[in-house]
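The structure appears right after this line, and notes come after that.
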Amino acid sequence: MRCLYLNLLLIVCLLFTSCKEGNDSPSDLDKLEELELKPIMNLLTNGNCEEWTTLPMGNTYLSGWSLRNKDCIIKERDVVYEGSYAVCMLSPAKGITAALSQKVKVTPGHLLRLRFHYYIEPECTGTKPRMYCYFREGGTNNIPNDVLASFYDDATWGVIRGGGYGLSSFPLEYGEWQLFDYTIEVPAIADYFVFEIHSYAGTKMYVDDCWVVDIDMYK
Numbered sequence: 002m003r004c005l006y007l008n009l010l011l012i013v014c015l016l017f018t019s020c021k022e023g024n025d026s027p028s029d030l031d032k033l034e035e036l037e038l039k040p041i042m043n044l045l046t047n048g049n050c051e052e053w054t055t056l057p058m059g060n061t062y063l064s065g066w067s068l069r070n071k072d073c074i075i076k077e078r079d080v081v082y083e084g085s086y087a088v089c090m091l092s093p094a095k096g097i098t099a100a101l102s103q104k105v106k107v108t109p110g111h112l113l114r115l116r117f118h119y120y121i122e123p124e125c126t127g128t129k130p131r132m133y134c135y136f137r138e139g140g141t142n143n144i145p146n147d148v149l150a151s152f153y154d155d156a157t158w159g160v161i162r163g164g165g166y167g168l169s170s171f172p173l174e175y176g177e178w179q180l181f182d183y184t185i186e187v188p189a190i191a192d193y194f195v196f197e198i199h200s201y202a203g204t205k206m207y208v209d210d211c212w213v214v215d216i217d218m219y220k
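Okay, so the sequence shown: first residue is 2 according to this note's numbering, each after it adds one.
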């Protein structure tokens, strides 16, 4: 009887130890957060905003990106998160949107990590700046919000969709660098992801250190 009791006690101890080890092991989310980002992992071209093209007439433009109202996208040397340069987005008048975007090929079902830093000068007197990202089926067909709603829970859908699919507006925390860092699964029907940021009249903001990383490629 004593042997049976000791055996049962040993089994309970082993089960307790096993459960404790399981609880102490890092979750998949923790592993993602610990993933060290390296330039080769970035799906964006010139995501660090260091490369600029100077035209013969002297105009300087951010290389590798599609720019709307190019003269509103300015090379910044003083307010920089890292490296030598950042992007200053400054719209001079209502109705003129300063926007930068880049389309990248994605794999359905893979996890994308979206990460960048932004800095907003006080005071924002117009429409708040925001992400305006979206997924595409094929090269040009944006996947509608109602279709995306079938892929995501309400919390994720609300965070990513915005006007396109992005942060609906940046929190107005002035005078210091803020971080946006979010991980999302690529919809089953998506072929491309477009990373896009908009700034409007009445706002002066800076953007730096932009990343889109396919997490599944580095597990």
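All C-beta atoms in this analysis are idealised placements derived from N, C-alpha and C, irrespective of residue type, glycine included. All values reported here derive from a predicted model rather than from experimental measurement.
Which of the three DSSP states, helix, strand or coil, is assigned to residue i?
i       : result
Ile-190 : coil
Glu-51  : coil
Tyr-86  : coil
Glu-35  : helix
Pro-57  : coil
Tyr-175 : strand
Tyr-1   : Given that the chain is displayed from residue 2 to residue 220, the structure contains no residue 1 and the question cannot be resolved.
Asn-24  : Bear in mind that the predicted position of Asn-24 carries a pLDDT of just 41, short of 50, making it too unreliable to give a figure here.
Met-218 : helix
Starting from residue i, trace the beta strand (DSSP E) in both directions and tell me its first and last residue.
i       : result
Ile-74  : 74-77
Ser-92  : It is not in any beta strand (DSSP E) - Ser-92 carries neither H nor E in the DSSP assignment.
Leu-44  : Per DSSP, Leu-44 belongs to no beta strand (DSSP E) and is neither H nor E.
Trp-212 : 205-215
Tyr-62  : 61-63
Between the C-alpha atoms of residue i and residue j, what's the straight-line distance to the nearest angstrom?
i       : j       : result
Leu-30  : Pro-172 : Caution is warranted here: a pLDDT of 49 is assigned to Leu-30, below 50, making its placement in the model unreliable, and the coordinate value is therefore given only provisionally. So the alpha carbons of these two residues sit roughly 24 angstroms apart.
Asp-210 : Pro-40  : 10 angstroms
Asp-79  : Tyr-86  : 8 angstroms
Ala-235 : Glu-77  : Residue 235 lies beyond the residue range present for the chain, which begins at 2 and ends at 220; the question has no answer from this structure.
Gly-139 : Glu-52  : 29 angstroms
Cys-89  : Val-195 : 20 angstroms
Arg-131 : Lys-220 : 30 angstroms
Gly-23  : Glu-35  : Because Gly-23 carries a pLDDT of 37, less than 50, the predicted location of this residue cannot be relied on, and the following value inherits that uncertainty. Answer to the nearest angstrom: the Cα atoms are 18 angstroms apart.
Thr-126 : Ala-94  : 12 angstroms
Phe-225 : Val-208 : For the chain, the structure presents residues 2 to 220; residue 225 sits outside this window and is missing.
Asn-143 : Phe-136 : 6 angstroms
Thr-128 : Ser-92  : 11 angstroms
Pro-188 : Val-214 : 15 angstroms
Trp-212 : Pro-57  : 30 angstroms
Asn-146 : Glu-186 : 15 angstroms
Thr-108 : Gly-203 : 38 angstroms
Thr-184 : Trp-66  : 22 angstroms
Thr-54  : Asn-60  : 8 angstroms
Tyr-133 : Ser-200 : 10 angstroms
Asp-192 : Gly-96  : 31 angstroms
Leu-149 : Glu-177 : 33 angstroms
Thr-141 : Leu-68  : 17 angstroms
Ser-151 : Lys-71  : 36 angstroms
Glu-174 : Asp-182 : 16 angstroms
Ile-75  : Leu-45  : 19 angstroms
Gly-48  : Gln-103 : 10 angstroms
So is residue i in contact with chain C if we call contact Cβ pairs under 7 angstroms?
i      : result
Gly-59 : Annotation note: the requested chain C is absent from the structure, which comprises a single protein chain.
Quick one: measure Cβ to Cβ for residue i and residue j, integer angstroms, because I've assumed they're closer than 8 angstroms.
i       : j       : result
Ile-190 : Leu-101 : The Cβ separation is near 26 angstroms, so there is no contact.
Lys-205 : Glu-122 : 4 angstroms
Ile-216 : Leu-115 : So it is not a contact: roughly 11 angstroms between Cβ atoms.
Leu-63  : Cys-73  : About 11 angstroms; that fails the 8 angstroms criterion.
| request: Please list the segments of the beta strand (DSSP E) lying wholly inside the segment 97-173, counting only runs of 3 or more residues, in order along the chain. | output: 99-106, 112-121 and 135-138
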